[in-house]
Amino acid sequence: MLATPQFEKAYQSLNSEQKKAVDTIDGPVMVIAGPGTGKTQLLALRVANILIKKNIAPHNILCLTFTENGALNMRERLHKIIGQDAYRVGIYTFHAFCNSIISRYPEYFYNAATFTQASDLDRANIIESIFRALPHGHPLASSHPAEGYVYLKSTLDRINQIKKGGFKPDEYLALLNSFEGEYEDINAILSSWPEGRASIKKLDELLPIHDALSKLGTTTGIFLTKTLGAAIEDARNEEKMEPVSAWKKKYTVTGDEAMILKDSYNQEKVRAVGEIYKLYTEKLNEQGLYDYDDMIIEVAHALRDNTILRNELEEQYHYILIDEFQDTNEAQMNLVRQITGSYIHEGRPNVMVVGDDDQAIYKFQGAEISNIVEFRDKTYRDVVTIVLDTNYRSHKQILDFARNVVTQGVNRLENRYKNISKVLAQGNGEVVKGDIEVAVYNSDIEEYARAAKTIRTLLDKGAPAEEVAILARNHRELKTLLPYLDQLEIPYEYIKKANVFDEPHIKEIVTICEYIASLVGAEERKDYLLPAILSYRYFNIPREVIFDIAVKAKEEHHSWAEVISKHDDPAVKKMYALLVELSALAETTPLEQILDTLMRTSGFKEYYFGKQLMKEHPATYVQFLASLKTFIESLREWREGELLFLRDVEPFVRVHREHDITLVSESPFMKTEHAVQIMTAHAAKGLEFGTVFIISAHDNLWTKGGRTNKAPIPSPLVPILTPAGDTEDDFIRLLYVAVTRAKHSLYISGHKPLVRYISEEKTGSSDEEKEEEIDIRAHENALAIVAAPYKEDEWAILKRLVRDYRMSVTHMNNFLSVAEGGPLYFIEQNLLNFPQPKNVPGVFGSAVDKALSEFVMYPKYNAGEMPPIDHIIGIFTRELSKGRLAPQEFKKQEKRGIDVLTAYHEKREGFFTQTDQVQVDFKNEGVVIDNAVLTGKIDLLRTIKDEYHVVDFKTGLEYEDWDAPKQSDNDKLKLHRYKQQLIYYKILLENGARFKLPVNSIALEFVESIIDHDEPMTLPYVPSTEEVERTKKLIAAVYKKITSLDFPDCEEYSKDIKGVLQFEEDLIGGKI
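Position one of the sequence shown corresponds to residue 1 (UniProt numbering), numbered consecutively onward.
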């Protein structure tokens, strides 16, 4: 690749250390990048420099980062420098990378490729079932009458931590065996601990114990030697025994006769945790489930155990870059070691990591700062270390303030390595000096009112709203602040995290379902729910009518249901008829169909999700939809494969509440693009703002640790497995990250005592100017579910949905489907994905696709053997059951599927080959057509004589000819979509990063036709060059419309094939 002008300009703007990082291409490199030192730009330029100087393709570079947002930022920055090739560089989060490996090489991951991710409810049910089966006297079986099993939550947390450490159950249990073999010798040494009161004079008496532990040479012995040695040294320096006493309390207990190792005392509980981990994993596998962190473990182990797979990845990825390296946990580090561990590298692979120990704030997710140390000292040799110490974000005043905070930490690289200095210098002279104010208030009301007033003043003086941020330790404090901003009409953006069960429109669905269920087979009718149901706005029942019903029920001594059934008000009659109709269906109709009928017929959908609301107030629409989607999707995951009915809604909600599982819905709230940014300090990582407000900076809040874990683990594993977040260093780092988001101005506020890391000399007080306490209840919270109309540019909310958008052929065809509404249909179906019941053809087609994929994959897992028909039918039936069809419909579709798959099994033996690929995913293949980024999946890709053959499986009606006479309008529309689908697949293959062969054929295969023929009917298509070019133009036009949020009205076009073709031509010609 030739250097672009953008690269040359950006490269020349780098300082010497940044250039060194960009130019040091080969071998291991560690870059210590403090806040604002330009690491994202550096990573992008280094990728570009590799492409310029080395003869490799973009897909030979792998970039790994910690968050989706980090990956997105990196790709956007790279796109500005190298253009469309940025989409061909492998930029992933760790989990997304592992998911792509499993998808690309399913033959190495038989279970992982077919299992589904466990929900929080799945995990809670499994762990509870294990605890219920524990025998009396089991070390973890203790229970509390009100709180349940004492060790349950702690054990589940420990399992997550063990997984983040990269251990499978058998590996963890084997590790415990080795530890237990050490305890006898260690206890013998500890038994000689000096008796009596601890005294500094007895310090030398501990040296023989220290030396004896050191001579053991075992894992636990080495760990105890190190920690005891540090405690002895601290005691000498401080001239007091507190450090040694703390060590003794942390690692030992008094046994029957002498002091012993606490690990020895707890070993039954420690082993019980490991055994429950094994049981938990087995039950996950039995149910076809996996945990989120299992992906990383599976891929790391597959790379370790399969030379072919490891060689393929090493052959593809010549250069690896890892961002936010301080946030990697042990399991992720194991993955990196496997990718880079080939002997051909001689300990010096081409891997660069960028991180900053002072910004390691994600340790609660298992991240380990020790990875930074080990990368330099142990993992690789001759590591080039580069320190970026020029900050281009903040004024010197902010940097000095931040320096005073962070240097209070102990476990820092700067303290460990004397040749590393992390003093940040201001590199951007255009950043002007602002204000730093630290204020202590007497109440939250006073603090929040003052913060809102200060922000209002800043905005009135011309400060851009998007350059102002409000940060806090937790969401709770941020939510409390919102009404104060509403009162002063301050525009803001806030990622709302809500428990969907607390959302009014979800409560309404649950209440209606609970009432109808009580009418059918329940011991008691829940008529007490009717007053609430009558008041729901979409029923349009006037308040006076509800009062009338109440009076009649009281005076006539009748139930509300009786009065309602005879009432003459039209709205009441309509509502009552709906309840009766749904109660009649409740016992036999699947839940999703009931919910769909309820939402459509009651007026619920039009009230909360009408097209007018979507057009005029998309922010409100998106908020409503986020909660509804979360609710419906969680219902779909619950008891997967079982048919759910309306009566199951109430226990679904109850079990969440009993297990204290919050069903969280995240939706961005913003009134305009120009809005004050509100987020937690953790979420602010990687962002920057002109002015930062840090609210509720009380010491007892900022330095509050997490919940104590009751389930023990061996001491040597504590640094690896136990998430931090409750040490002084952790609190300091989080405050440091929050402070360094500011460019020029910083406002910190709280009540006494203020967070302890802020110097008293910087602290002001609010005593001089008291804020009038305001009763904020009079002001409506902008996040209320029924919000007032907004006057500002709410389409800004949808821009989030098209950031990094990749278009599939289904999305394009829906956009073009004028019969269903075209662009608005696309918005509802694809962009916003409104929940609706699965249709029978879709459920059946997906189940058949899954079974056909198994035809191809089974021989790869089983040394070329043909899959037994019972196995294929089992796959199909299991997948079909996920669609939760009505019993009669399920039986019908099951027989239909068995018939076609049996015929397929009999007549297609030996048809598939070892080189055939199924469900080929193009999400990360970097297919870009005239700035349109594409994705898609090909059902079957065959490679024959160095040419590709594409097959798309179809169920249902087959077609013998593309242009048969007497085709209906529906047939013409369907065949037109089929043509575009095949051409789209051809375009994907011809532009995919890894696909280098020519496309020989593209065809549809009508699977069910095999029942009446020796082989299934196929319908090949040979598009002309003009058709391919037209499709490319259409792709570019539709993609541009979607990403610019330009959704044209297609009402004037006819609903037949002529209307669709005209709509397409007008899009290509730029007429609309």
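Note that the Cβ used here is the ideal one computed from N, Cα and C, for glycine as well. As the structure is a prediction and not an experimental result, all values here were calculated from the model.
Cutting at 6 Å between CB atoms, please list the residues of its own chain near L1061, excluding the five before and the five after it.
Residue mapping note: residue 1061 aligns to position 1061 of the sequence shown, counting from 1. There are no such residues.
For a test of the three-state rule: what should DSSP assign to I25, helix, strand or coil?
Residue 25 sits at position 25 when you count from the first residue of the sequence shown. Of the three classes helix, strand and coil, the one that applies to I25 here is coil, per DSSP.
What residues match up with L646 in a beta bridge as DSSP calls it?
Position 646 of the sequence shown, counted from the first residue, corresponds to residue 646. Partner(s): none; L646 has no beta bridge.
Cα-Cα, which of F501, D85, Y494 is closest to V477?
What you label residue 477 is simply residue 477 of the sequence shown in a count that begins at 1. The displayed chain sequence assigns Glu, not Val, to residue 477. Cα-wise, what sits closest to E477 is Y494.
Just the C-alpha distance for Y319 and V351, rounded to the nearest angstrom, thanks.
Residue mapping note: residue 319 aligns to position 319 of the sequence shown, counting from 1. Residue mapping note: residue 351 aligns to position 351 of the sequence shown, counting from 1. Distance between the alpha carbons of Y319 and V351: 6 Å.
Give me the Cβ distance between F815 and I1042, rounded to the nearest whole Å; I'm assuming they're in contact under 8 Å.
Here the question's residue 815 lines up with position 815 in the sequence shown. Here the question's residue 1042 lines up with position 1042 in the sequence shown. The Cβ separation is near 7 Å, so the contact holds.
If you check the beta carbons only, do V676 and Y484 fall under 8 Å apart?
Within the sequence shown, residue 676 is the residue found at index 676, counting from 1. Within the sequence shown, residue 484 is the residue found at index 484, counting from 1. Not a contact, by the Cβ cut-off of 8 Å.
Compare the C-alpha of L335 against each of I509, Y362, D305, E346 and name the closest.
Mapped onto the sequence shown, residue 335 falls at position 335. Answer by Cα proximity: D305.
Looking at the structure shown, is G910 part of a helix, part of a strand, or coil, going by DSSP?
On the sequence shown, residue 910 is found 910 positions in, with the first residue counted as 1. Of the three classes helix, strand and coil, the one that applies to G910 here is coil, per DSSP.
Since I believe L481 is in contact with A451 (beta carbons under 8 Å), could you give me their beta-carbon distance rounded to a whole number of angstroms?
By 1-based counting over the sequence shown, the position of residue 451 is 451. By 1-based counting over the sequence shown, the position of residue 481 is 481. Indeed they touch by this definition, with Cβ atoms about 7 Å apart.
Cutoff 6 Å; reference F7; Cβ partners in own chain excluding five residues on either side
Mapped onto the sequence shown, residue 7 falls at position 7. A48, I81.
If you drop the 5 nearest sequence neighbours on each side, which residues of the same chain put their C-beta closer than 8 Å to that of F401?
Indexing the sequence shown from 1 puts residue 401 at position 401. Only I436, V739, L746, K762 meet the Cβ criterion.
Could you check what DSSP says for A425 in three-state terms: helix, strand or coil?
Position 425 of the sequence shown, counted from the start, is the residue given in the question as residue 425. DSSP places A425 in strand when its eight states are reduced to three.
4-residue-minimum alpha helix (DSSP H) runs that sit fully inside the stretch 535-578, ordered along the chain:
543-555, 560-566
Which listed residue (N177, V563, V383, C1050) has its alpha carbon closest to that of F24
The residue you call residue 24 lines up with position 24 of the sequence shown. According to the sequence provided, residue 24 is Thr. The question's Phe does not apply to it. Checked all of N177, V563, V383, C1050; the closest Cα to T24 is V383.
Given that a residue counts as buried once 16 or more other Cβ atoms are within 10 Å of its Cβ, and exposed if not, what is residue 1078?
In the structure as shown, the chain starts at 1 and stops at 1072, and residue 1078 therefore has no counterpart that could be examined.
Would you list, in sequence order, the uninterrupted beta strand (DSSP E) runs of no fewer than 3 residues that lie entirely inside the stretch 381-434?
384-388
Which parts of the stretch 144-207 are runs of the alpha helix (DSSP H), unbroken and 4 residues or longer, counting only runs that do not cross its ends?
152-164, 169-180, 183-190
Going along the chain, which residues of its own chain have a beta-carbon closer than 6 Å to the beta-carbon of Y317, five neighbours each way excluded?
For the purposes of this step, residue 317 is taken as residue 317 along the sequence shown, with counting starting at 1. Correct list, in chain order: L62.
Short of 6 Å in beta carbon distance, which residues of its chain neighbour G821, apart from the five on each side in sequence? Order them along the chain.
For the purposes of this step, residue 821 is taken as the residue at position 821 of the sequence shown. Within the same chain, G821 has no close Cβ partners at all.
Alpha-carbon to alpha-carbon, L934 and Y1053:
Looking up residue 1053 in the sequence shown gives position 1053. Looking up residue 934 in the sequence shown gives position 934. Answer to the nearest angstrom: the Cα atoms are 27 Å apart.
Supposed close pair Y1021, I1002 - CB separation, criterion 8 Å
The sequence position of residue 1021 within the sequence shown is 1021, counting from 1. The sequence position of residue 1002 within the sequence shown is 1002, counting from 1. Contact flag correct, Cβ pair sits at about 6 Å.
May I have the straight-line CA-CA distance separating T220 from A146, to the nearest angstrom?
Translated into positions along the sequence shown, residue 220 becomes position 220. Translated into positions along the sequence shown, residue 146 becomes position 146. Approximately 38 Å between the Cα atoms of the pair.
Who does L941 pair with in a DSSP beta bridge?
Counted from its first residue, the sequence shown places residue 941 at position 941. Bridge partners of L941: Q917, V950.
For K770 and E446, I'd like the C-alpha separation in whole angstroms.
For the purposes of this step, residue 770 is identified with residue 770 of the sequence shown, where counting begins at 1. For the purposes of this step, residue 446 is identified with residue 446 of the sequence shown, where counting begins at 1. Annotation note: pLDDT 48 at K770 (below 50); position unreliable, coordinate value reported separately. Near 8 Å, if we compare the C-alpha coordinates of E446 and K770.
Burial state of Y515 (16 or more Cβ within 10 Å):
Position 515 of the sequence shown, counted from the start, is the residue given in the question as residue 515. Y515 should be labelled buried.
DSSP state of T218 mapped onto helix, strand, coil:
Against the sequence shown, residue 218 aligns to sequence position 218. Here T218 sits in coil by DSSP.
Are H95 and Y343 closer than 8 Å when you measure CB to CB?
Your numbering for residue 95 matches position 95 in the sequence shown. Your numbering for residue 343 matches position 343 in the sequence shown. No, these two residues do not count as a Cβ contact at 8 Å.
Taking the Cβ atom as the reference point for each residue, do K433 and H475 lie within a distance shorter than 8 Å?
As a working note, residue 433 is residue 433 in the sequence shown. As a working note, residue 475 is residue 475 in the sequence shown. Contact: no.
Looking only at C-alpha atoms, which of Q18, N60, I32 sits nearest to L45?
For the purposes of this step, residue 45 is taken as residue 45 along the sequence shown, with counting starting at 1. Nearest option by C-alpha distance: Q18.
Please classify S715 as buried or exposed, where buried requires at least 16 other C-beta atoms within 10 Å of its C-beta.
One-based indexing of the sequence shown puts residue 715 at position 715. S715 comes out buried.
Quick one: any contact between the stretch 179-188 and the stretch 257-264, if contact means 3 or more CB pairs under 8 Å?
yes
Completely contained alpha helix (DSSP H) runs for the stretch 987-1052, where each covers 4 or more residues:
1025-1043
For D356, does the count of other Cβ atoms within 10 angstroms reach 16, so buried, or fall short, so exposed?
Here residue 356 refers to the residue found at position 356 of the sequence shown. It is buried - the Cβ of D356 has at least 16 other Cβ atoms within 10 Å.
I661 by DSSP, collapsed to three states: which one?
The residue you call residue 661 lines up with position 661 of the sequence shown. Coil at I661, not helix or strand.
The beta strand (DSSP E) enclosing I81, as first and last residue numbers
Indexing the sequence shown from 1 puts residue 81 at position 81. First-last for I81: 68-82, but that is the alpha helix (DSSP H), not the beta strand (DSSP E).
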